[in-house]
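If you count the sequence shown from 1, you need to add 147 to reach this note's numbering.
Glycine included, C-beta positions come from ideal geometry on N, C-alpha and C.
Remember, it's a predicted structure, so these values are computed and weren't measured experimentally.
Reading through the structure tokens given below for one structure.
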Amino acid sequence: MQPSSNLFTLQAQDVLVQPPSGGGSRCQTLKTDTGFEQLYLVAEFPKTEQTVSGTIAQNAFKRFEQVFEEKANEKLADRFEQALSAVNKLLASTFEKKSLEPRDLQMAIAAISENEIHFSACGEAKILLVRNAELIDLSKDMREDEPNPTKLFSNIVSGVLASDDVLFLATPSLFNYFSNEKIKKTLKTYSPELAAFNIQEMLESSDNASPIAAFIVHAQRTSSQEAVLIPKEIPSPQNPAAAAPPLSFEPEQPATSEAGEKPDNKNLSETAKKTQKLIKTALFPAATRLGRGIANLSKKGLNAVKNWRSQGRTQRMGKRQYASPPSYQAGRTSGTYGKRPNFLVNFFNRYIVSFRRLPRNSKIFFIASLVIAIIFVISIFALSGREKNNSIAVDTSSIITDAQSKVTDGENALIFEDEERALMLFTEAVGLVDQVLASDDKNSTALDLKQTIAEQMEKLNHLTRIADPILITQNHSNLHLSSLMALDGEIYSFNSQTNAVMQMDRDSGEWLSLASNAEAGSNLKYGKSVDDGTFIFSTSQQDLFSFDPSSKEFTAEDLSFATNNSLIQDLAIFNDRLYILDPQANQIFKYNPASGGFATGAEWKTDDSSLTDSVAFAITGQIYVLKGNGTIDRYLTGAKEDFTLQAITPALTSASKLAITDSNIFVLDPVEKRVVVFDLEGKLVQQFSSDRFGTLQDLSILADEKTLILMDENNSYSIPLADLPVSKTTP
């Protein structure tokens, strides 16, 4: 509940239902509360109208807020009119670009400041007012048979709120499941939170297949003044002369007892006293006799207990009976004790005898009183259980409402590209939803809300899920391919068992064998393409070979390792120099070219940073080193720089391969079946994932940077990068 003025407190709650099979439409509720002014919007629109900047409803609400705030020094009516005029222009432009029809949009907007209210609607959206025992359709005269697409909001209605008014904004699909009488009863009976909860529960338990959005706003007076609703209609922002006929409502009348006014505390107290007097007069003699009888019976029972406990043990034992002469042993003489009197039987017998002596009327009154007392106790327990259940339901509804509000605020933050605030709000909303599911794991509202949050988190984390990735080769598990290498627009790999270099034929979807290295004494292990149009390979025995695809010939390259126990984890050639990543030596070694191969290597890394858990590296002038935990270290002239990847969801905790272009860093994450793309400064650009991927083994980017190639244990896939944002960062 949020304060709106010194006159009124407004309690608002939205209803939002998005069935999975919601056809081609979607609904949204949007709200802004500055503490002095409140803006509300409900909308139903085509599901396809989703852009990078947001939905058609979000864009309209954003524009409305902008103009409304810019005119803060003007009267509320003028601000509302100008803001609505701006929304009309925005929607007209959108409808023209998207080829939409006026019937595609159902929307209602309201602005409240203190007790002054202005609202408008387009399409079949409804605005209802519940006052006293009446429900009034305020939007009835605002609808047009053939709306003008350039003036969707053609009328504005203004008025003054009265105490206990309930304003109801809703999309038209809701009225397929609720009659006006049902809506009126729900809004008058419950608070906005409970009313929204009940409406949503009824919709979700029905066969509802339509998205539905609504706002419930309850006005309660906080001062002793009385305000009367005097609705008035002002001219259209586009057509001042064509204002709709003014709406007329009866002024608020004070409630009377005949109209069902609830008695105040004083009346209730007086009524209770009169009732007590009537009961006392009619039942006093019988009640007095019954009370005395119960008191006497209780006194006799207590005396009997005291007498029995005060008797000595020997007195209560009774006379000993011997079947034979007693036998004497050390200690106590053995014998048989007499039976103790059955105290409980005797005690209740006395009460029964006393009850039988009562007059007949007293017996009837006693039995009736006993039955009433039992019913009263049972009712207390039943009411306590019901209140407990209602309390749990209210608490759950309140938590869900809070979570929904955070999701809406997070979506609005995304519109303004405030990703940090959106992430915070979505994370808080997940915590609230998990709190509800911990007590009710089948709560459909909470489950739907969690799915919505997951979708928004994917949008926030730039995650693209590819349902059917382009398959370019398949069933190559028997080829034992180990890596991908791009060269001159073609894709190559090698068979780690036969040492054959393979070329991908993308037309036929086959891998073609170019040549095998018969001279290698061990299997090929790592391979990279070189700018001069060749490849460089290392083997499991640390031998080095180059391969020319044009001549299809292997050449052994001389290599003098800088240490005796070198381990080649990855290799690359940059500016004719060979670089080797050696985690075992915690070093990157640089080898200058020499006759027949490369000269003795030298240590390139100059600081004490750790490379022991590194798995791959790439060179752009700077060297990027990928760790197994998904982090990347960046080095320049041998020293580690200050560089950190942006935190993402799901967190990047495992990685196996790395590729770099002039603009972006590509990281392969086999565990999450995805490729994560960052710019060269570590900011997240995009994520690609698909359930079709197996265990991803390698990736490669073609020279034009427009195609990403991925390979798992069986297949190869192509992912277009045409829409990938290009960073302005240069190496």
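- The closest CA to that of threonine 800, considering only Ala749, Asn625, Leu773, is found on Leu773.
- Taking C-beta separations shorter than 7 Å and ignoring five residues to either side along the sequence, the partners of leucine 321 in its chain run Ile359, Ala361, following chain order.
- Apart from the 5 residues on each side of it in sequence, alanine 317 sits with its Cβ closer than 6 Å to the Cβ of Lys273, Ala361 in its chain, given in chain order.
- Annotation for leucine 299: no beta strand (DSSP E) segment contains it, and DSSP assigns it neither H nor E.
- From the listed residues Gln769, Pro249, Arg290, Lys329, the smallest Cα separation to valine 277 is found for Lys329.
- Beyond the five residues adjoining it in sequence on each side, lysine 178 comes within less than 6 Å, by CB distance, of Tyr187 in the same chain, given in chain order.
- In the three-state reduction of the DSSP assignment, alanine 703 falls in the strand class, which pools E and B.
- In the three-state reduction of the DSSP assignment, asparagine 345 falls in the helix class.
- DSSP places glutamate 828 in the coil class of the three-state scheme, outside both helix and strand.
- Under the DSSP assignment, glutamate 666 falls outside any alpha helix (DSSP H); it carries neither an H nor an E label.
- Between glutamine 650 and the set Ser836, Asp354, Met632, the nearest pair of CA atoms involves Met632.
- No Cβ-Cβ contact shorter than 8 Å links glutamine 185 with leucine 163.
- In the same chain as glutamine 769, and ignoring 5 residues on each side of it, the C-beta atoms closer than 8 Å to its own belong to Arg781, Tyr782, Leu783, Glu788, Pro878, in chain order.
- Assignment of beta strand (DSSP E) within the region 606-681, counting only whole runs of 3 or more residues, yields 610-612, 617-620, 632-634, 637-641, 647-652, 657-663, 671-676 in chain order.
- If you keep only unbroken beta strand (DSSP E) runs of at least 3 residues inside the region 737-825, you get 761-766, 770-774, 779-783, 804-807, 811-816.
- Residue environment for glutamate 564: exposed (fewer than 16 other C-beta atoms within 10 angstroms of its C-beta).
- Distance from leucine 868 to leucine 843 at the Cβ level is roughly 17 Å; contact not present, criterion being Cβ atoms closer than 8 Å.
- Segment contact: the region 844-855 against the region 789-809, three or more CB-CB distances shorter than 8 Å; contact assigned.
- Tryptophan 658 places its beta carbon 8 Å or farther from that of histidine 627.
- Secondary structure of aspartate 284 (DSSP, three-state): strand.
- Contact annotation, valine 822 with leucine 857: C-beta distance approximately 7 Å; criterion of less than 8 Å satisfied.
- In the DSSP assignment, serine 586 falls outside any beta strand (DSSP E) and lies within the alpha helix (DSSP H) extending over 566-586.
- By the beta-carbon neighbour count (other beta carbons within 10 angstroms, threshold 16), proline 506 is exposed.
- Inclusion of phenylalanine 573 and glutamine 603 in the CB contact set at 8 Å is warranted, their separation being smaller than that value.
- For valine 277, DSSP records a beta bridge to Leu282, Val313.
- If you check the CB distance, asparagine 670 and asparagine 646 come in under 8 Å.
- Closest in alpha carbon position to leucine 334, among Pro319, Val364, Glu348, is Val364.
- Annotation for glutamate 819: Pro797, Ser836 place their beta carbon closer than 7 Å to its own, counting only its chain and skipping 5 residues before and after.
- Counting only residues of its own chain and dropping the five nearest sequence neighbours on each side, glutamate 263 has a CB closer than 7 Å to the CB of Leu223, Val307.
- DSSP places leucine 237 in no beta strand (DSSP E) but in the uninterrupted alpha helix (DSSP H) bounded by 223-245.
- Annotation: aspartate 635 to aspartate 695 spans about 13 Å, alpha carbon to alpha carbon.
- Pairing threonine 543 with asparagine 590 gives a Cβ-Cβ distance under 8 Å.
- Excluding residues up to 5 positions away in sequence, Pro730, Asn733 lie with their Cβ nearer than 7 Å to the Cβ of threonine 759 in the same chain.
- Residue state for tyrosine 337 is assigned as coil, using DSSP reduced to three classes.
- In the three-state DSSP reduction, lysine 589 falls in the coil class, being neither helix nor strand.
- With respect to the 8 Å criterion, isoleucine 203 and histidine 265 are not classified as neighbours on the basis of their beta carbons.
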